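Some notes on the structure that comes next.
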Amino acid sequence: MLCVVIAHLLLDALGIYSILHLAALAGDDDHDRYVDAFYMALGNDIGFLVISAAFSLAGAQWMLERRRVAGLPGYAAACMGVLSAVLGLAWSFVSAHLIRTLALALASTTSMQVAMTISVLIGYTVAPLLVLFSIWLPFRLWRAKEIPAVGLVDLRARGLLLFGLFAWSWVMLVLGFTIPAAAIYYASSGLDPALVHIGPYAGSMVLALPAFLGALIGLPRSMPAVRPVRIWLAALLAMLVSAIAMVAVAFVAVELMRVISGSAAQSMGMSAAVAFAWLVIATPLCWLVVKGLTRRLADVAA
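Here the sequence shown stands for residues 1097 to 1398, where the numbers follow the numbering used here.
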């Protein structure tokens, strides 16, 4: 996971540098366009980085448990990172061409928004597959150099980390669909695009907090196996339950706001109360989901 993350960080830094370099060379008419592209790329990079981390850890852990081994030599992990970065770079060129093609084909005022939405849908489908392939191939190539497993180890910390990354990835997926539409609205309103491109991604971890707390108290105390597919499903259902709780609490808050004054102080107090109520209600619900789906992992041998 660390090798994949470091490789993607280096690749992202190269892409961001190239955008800023082009912005510095551009004239006044094109400078803002490159700056907007910088904010958009930075926000997307945060999302894809989280997803790459989640699926690289899940893919490696799945291979370890499936083959009942302790790992591969260190150079195999470095190869995974390089391969993942190369595949990601290739996909970035393909997706850029896809966006341009769709934008030209959809000749309307919303063509760019539709093109970005389709590209995000395909991107968030392809990115995990590329990461999983970059994990699978070294395991296939260096199968003879696998390190045998010796006894059982407690993998609860790894399971909790994987659950948190998966829950955060689902938030990134939702943001990937909503941010392009919000960015177009901000641009038409004359607002700073950095607010919509960076702000939601920076605070996205908070939206996964109830699911993470539910996993923290719901996962078995001892886990000899992680079972990444089951953890992925538990994270998905926990985030759905958390989202339903958020909508329900927000609906009640809106109904209450109709009967009280709408002053700024009361609005801020109501927002804080809604956030606290959502956390209190969603956390035990997520705990029930995680507990129900992972209670047997304590008895499963790796």
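For glycine and all other residues, C-beta sits at the position ideal for the given N, C-alpha and C.
Just so we're clear, the structure is a prediction, and the values are computed from it rather than from any experiment.
- Under the three-state reduction of DSSP output, G1299 falls in the coil class, being neither helix nor strand.
- S1300 and L1381 have their C-alpha atoms roughly 20 Å apart.
- According to the DSSP secondary-structure assignment, G1167 is paired through a beta bridge with I1243.
- Taking C-beta separations shorter than 6 Å and ignoring five residues to either side along the sequence, the partners of L1333 in its chain run V1385, following chain order.
- R1254 is the residue among E1242, L1179, Y1171 and R1254 whose C-alpha sits nearest the C-alpha of Q1157.
- The C-beta separation of V1216 from S1152 comes to about 20 Å, leaving the pair out of contact by the 8 Å criterion.
- For P1324, the enclosing alpha helix (DSSP H) stretches over residues P1324 to M1353.
- For L1251, the secondary structure class from DSSP, reduced to helix, strand or coil, is coil.
- Excluding sequence positions up to five before and after A1263, its CB lies within less than 8 Å of the CB of A1304, A1307, F1308, A1311, A1331, A1334 and M1335, all in the same chain and listed in chain order.
- Rounded to whole angstroms, the Cβ separation of K1241 and L1168 is 6 Å, and the two are in contact under 8 Å.
- Between V1302 and I1275, the gap from beta carbon to beta carbon reaches 8 Å or more.
- Going by beta carbons, L1258 and A1154 fall inside the 8 Å limit.
- If you look at A1311, you'll find it in the alpha helix (DSSP H) that goes L1305 to G1314.
- The criterion of a C-beta distance shorter than 8 Å is not satisfied by M1319 and L1261.
- Judged by beta-carbon spacing, L1271 lies beyond the 8 Å limit of R1323, meaning their Cβ atoms are not closer than that value.
- Assigned with DSSP and collapsed to three states, M1136 falls in helix.
- For a cut-off of 8 Å, the C-beta gap from I1377 to A1341 is around 5 Å, short enough to register as a contact.
- Put simply, the backbone Cα of G1170 is about 58 Å away from that of L1352.
- Take the alpha-carbon of L1375 and the one of E1161: they are about 34 Å apart.
- Here the alpha carbons of V1345 and A1223 stand approximately 34 Å from one another.
- Taking the Cα positions, L1315 is about 48 Å away from L1118.
- When the five nearest sequence neighbours on each side are left out, the beta carbons in the same chain lying within less than 7 Å of the beta carbon of G1177 are those of C1099, V1100, I1102 and A1103, in order along the chain.
- Just measuring C-alpha positions, the residue of Y1220, G1219 and M1159 sitting nearest R1236 is M1159.
- Shown here for V1146: same chain residues with a beta carbon closer than 8 Å to its own, the five before and five after excluded, namely L1261, W1264, S1265 and M1268 in chain order.
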